[in-house]
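Protein chains: 2
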Amino acid sequence: MTKRILLAAVAALALPCSALAQTHDVAALRDAALQDDLAWEITEGLTTEIGARLAATEDEARARKWAIAKLTALGFQNVRSEPFRMPVWVRGEEKAEVLGQHAQKLSLAALGNSGSTGAKGIEAEVVYFASFADLQAAPAGTLKGKIAFIDHRMTVTQDGSSYGVFGAARRTGPSIAASKGAVATLIRSIGTDYHRNPHTGGTNWAQGVKPIPAAALALPDAEQLERLLKRGPVRLKLDITPQFKGQGESGNVIAEVPGSDPAAGIVLVACHLDSWDLATGAIDDASGCGIVAAAAKRIMDAGQPRRTIRVLWAGAEEPGVWGGKAYFEAHKNERHVLASESDFGADRIWKFDATLPESGKPVVDRLAAALAPLGVGRGRDPATGGADVAAVISAGASGIDLAQSGLRYFDYHHTPDDTLDKVDPAQLRQNVAVWTTMLAITANAPEQIGPAR
Amino acid sequence: MTKRILLAAVAALALPCSALAQTHDVAALRDAALQDDLAWEITEGLTTEIGARLAATEDEARARKWAIAKLTALGFQNVRSEPFRMPVWVRGEEKAEVLGQHAQKLSLAALGNSGSTGAKGIEAEVVYFASFADLQAAPAGTLKGKIAFIDHRMTVTQDGSSYGVFGAARRTGPSIAASKGAVATLIRSIGTDYHRNPHTGGTNWAQGVKPIPAAALALPDAEQLERLLKRGPVRLKLDITPQFKGQGESGNVIAEVPGSDPAAGIVLVACHLDSWDLATGAIDDASGCGIVAAAAKRIMDAGQPRRTIRVLWAGAEEPGVWGGKAYFEAHKNERHVLASESDFGADRIWKFDATLPESGKPVVDRLAAALAPLGVGRGRDPATGGADVAAVISAGASGIDLAQSGLRYFDYHHTPDDTLDKVDPAQLRQNVAVWTTMLAITANAPEQIGPAR
């Protein structure tokens, strides 16, 4: 406690404007946020009352209505939905069966944007690739009529950086396999758990490549297939029947805490409202929406901030950041000074990264001091934002990334297991405290905090 | 190590017949078994090459062929299948959907012997019971046209005793609900994990009660339904279409290590070869078959034991111990002196319970001394056997229960998650060492070790 009080005192002394310190007492707001129950209420409500919220479906539309009602009831200003159009993809049946003497079923899930086997399914032999690089190295045409199986093995990392590396098998593996003649692609799930819950996620087709069926095997099933392949050739029957359903409507939900100084710019805080269809999307990303809204409300309730805080609950992030792109197109000419997103679950924030202009250095120092008592260290990575604010940051806004622990995130990410019980209320409250602290400091800073370049 | 050597010396001194000690050096057999790889080979082979093995299906028939070939290749004598007939039940579609404003899917699995909703499904309102006792207390007729939901919450116990208590919701809950007018029954899975993998398992219909659809919700889904019910009435659409397919064939696979003294009786060691259909049944019970066969082979390879060791890989345990009953009917007049079964996974054995006649007391003392170095204590419960040998023990045979840790068993039991990766090779080897020790002592004991009464 001594250390905490000391740090709070240091932070208060460092504030050049004592009037702001009185309106938004950073340490008091931070400590009060450790008792927050709003983030839980939002996470519980959205996941229970709406459930899964696949982009551009009726479920996601219900989620937008729910979001507008909720954010309005909480007292935010300018609450609205900003609709946009996008292609709609929906899951169908998905079955895989080993044929022949070792006949058995395997558990898998189609990747977003997967093609279809057709109702009759397909039968073909499996070709094994131990890694994404091995698939890349396969000569053109060698996969003709075959099912490519990419057994790329993700590892656990606290900062989630392994997702960038190993995720390539999902993001572009199927397109590469298709270009080499494959009739379908299976990947070992981009995940770190041993449950029969495959990890879905979007895949992308290169220009001119016709989508083929593409699905992820649960880890136990990927290893089963690997063992079977060691015994000899394996033929599979695949029935994977998702559909592209033309254009549909999604939308971003926006709410604001208007600032006292419009010239000081906007602090944008984001999450995404949609989820994959396999689960209720508790950690991806209902909890993120709970965290940013709860933090913004705490600032609002403590008095008007200098800068406008804009809360963005983006639509359709999962199938390709459609909401983030639509937001940027609609708002790119506004003065965003800072952007940040919570889209990595609800586990404890362990570090922060900040990319601010030189004038913002004292702000970052105050933030570091105020976050230390919450167990948050100062990182040295560039802040690039979550997917929905990345364009805003690329265009010049400063960024602050509040990095959650990823040690168990990829056990649940994009699986049927992303449900409310995976959210730890104590860690969720720590998130709200960190975000409240960040907003109390940045939305009120008298310094210029952005754009960063 | 000092302690180990000392205990081995004590055990050797306690042996009244030094000739037997030379043929079967208990401590040497025990310690060598800690390097066993046969139990893993059997577990890996059966789960990989056959996969799921639902009773009285073609899959289980393939497993019997595999078992006979394997046990024969290992050098066992009198290897054979003993077929029997039984009713066949197979899973169909299974879907549950919340209707109305909170529309969403729930994850569930039909219980073995569940009735069917028919292809068109059923729609009905849910009635909540916090416990099995609450369901029992509901007045007759009050469930007419409703879906009973039994939210009985299992807790973790090392000895698995909670399964007996909480399992009632599954074993007889649906029958009770049906007798009170319910059109279907849902239970919270009898399990302790928070994955979207429901726990199936057999349910029993009382005389005169017509089977209704009966299914288990995964724990996250049971809690979701509970949260929804707190918000108001819930109507569900259920599509659960299993089928009773008349009589079919299952069978027990038997192998022996003939003893030198036929009058000394049979030591029966068992497991079950069938599994539920949702997974490859690695911990339930391929590993049990690996353990008992590996231990029996170690005794066989060390020289002929005094008593015949009979290995029983029972068929059709899961839907109602059909194999155990058929075995008892066929063999009840033989002289079984001792019976034991491995059917509780492959985690470390932490205690043993023994029910032997007074003459067997020195044998149990030697066993306790020899097992202590493996971390196995002496329990005080009566030994009742696993399901497949319970009838043999009830009829008078002595029993020894080698109790595995159940701390994570009910995370996987009867779910899609019961796969090879759940077996820890080091703990599996400890099991083989314990079983080898038990057989080395009991199959050779000069004392009368059974019947117990």
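Those protein sequence lines, which keep their order, are chains A and B.
Residues in the first sequence are numbered from 1 upward in steps of one, following the UniProt record's numbering.
Residues in the second sequence are numbered from 1 upward in steps of one, following the UniProt record's numbering.
Virtual Cβ for every residue (Gly too), placed ideally from N, Cα, C.
Shown here, Trp40 (chain B) sits in a helix according to DSSP, grouped into three states. According to the DSSP assignment, Glu82 (chain B) belongs to the beta strand (DSSP E) that extends over 77-90. Within chain B, no residue has its beta carbon less than 8 Å from that of Gly288 (chain A); the closest one is some 19 Å off. At a cut-off of 8 Å, the C-beta of Pro357 (chain B) has no neighbouring C-beta in chain A.
For Phe132 (chain A), the secondary structure class from DSSP, reduced to helix, strand or coil, is helix. Between Ala433 (chain B) and Ala109 (chain B), the C-beta gap is not smaller than 8 Å, which leaves the two residues out of contact. When beta bridges are read from the DSSP output, Lys351 (chain A) appears opposite A:Gly377, A:Ala403. When the Cα atoms are used, Thr43 (chain B) and Ile176 (chain A) turn out to be separated by approximately 37 Å. Annotation: Cβ neighbours of Pro416 (chain A) in chain B (cutoff 9 Å, chain order): Ser107, His195, Arg196, Asn197, Ala218, Pro220. Close to Leu228 (chain B), with beta-carbon spacing below 9 Å, are these residues of chain A in chain order: Thr48, Glu49. Not a single CB atom of chain A sits nearer than 8 Å to the CB of His152 (chain B). Only residues of its own chain outside the window of five on either side were considered, and among them Gly115, Pro174, Ala178, Ala182, Val183, Ala184, Thr185 have a CB closer than 7 Å to the CB of Ile212 (chain B), listed in chain order. If you draw a straight line from the Cα of Glu223 (chain A) to the Cα of Gln101 (chain A), it is about 18 Å long. For Phe149 (chain A), the enclosing beta strand (DSSP E) starts and ends at 147-150.
Ala55 (chain B) is outside the set of residues whose beta carbon lies under 8 Å from a beta carbon in chain A. In the three-state reduction of the DSSP assignment, Asn252 (chain A) falls in the strand class. Here Glu125 (chain A) is not near Val269 (chain A), since their CB atoms are 8 Å or more apart. Interface residue (Cβ-Cβ distance to chain B less than 8 Å): Asp421 (chain A) is classified as such.
Within chain B, the residues Thr419, Leu420, Asp421 have their CB atoms less than 9 Å from the CB of Glu223 (chain A), given in chain order. At least one beta carbon of chain B lies nearer than 8 Å to the beta carbon of Ala52 (chain A).
With contacts defined as CB atoms closer than 8 Å, Ser340 (chain B) and Val376 (chain B) fail to qualify as a contacting pair. Remark: three or more beta-carbon pairs, one from each stretch, lie closer than 8 Å, so the stretch 146-161 of chain A and the stretch 129-138 of chain A are flagged as touching. The way I'd put it, the stretch 303-322 of chain B does touch the stretch 258-278 of chain B; three or more beta-carbon pairs between them come closer than 8 Å. Contact between the stretch 423-442 of chain A and the stretch 378-396 of chain A is absent: fewer than 3 CB-CB pairs across the two stretches fall below 8 Å.
Taking 7 Å as the cut-off between beta carbons, the residues of the stretch 96-128 of chain B near chain A are His102, Gln104, Ser107, in sequence order. Per the coordinates, the alpha-carbon of Val337 (chain A) lies some 59 Å from the alpha-carbon of Gly167 (chain B).
Distance from the CA of Glu334 (chain B) to the CA of Gly315 (chain B), rounded to the nearest whole angstrom, comes to 20 Å. Taking 8 Å as the cut-off, the Cβ atoms of Val253 (chain B) and Cys271 (chain B) do not count as close. In the three-state DSSP reduction, Leu439 (chain A) falls in the helix class (H, G or I).
A direct Cα-Cα distance of roughly 6 Å separates Thr117 (chain B) from Thr241 (chain B). Per DSSP, reduced to three states, the secondary structure at Ile212 (chain B) is coil, with no helix or strand assignment. In chain order, Leu46, Glu49, Ile50 place their CB closer than 7 Å to the CB of Trp66 (chain B), counting only its own chain and leaving out the 5 sequence neighbours on each side. Three or more beta-carbon pairs drawn from the stretch 404-421 of chain B and the stretch 341-349 of chain B are found closer than 8 Å, and the two stretches are therefore classed as touching. At the C-beta level, Leu106 (chain B) and Leu229 (chain B) stay beyond 8 Å of one another. Comparing C-alpha distances from Ile190 (chain A) to each of A:Trp276, A:Ala61, A:Val165, A:Gly288 shows the shortest one belongs to A:Val165.
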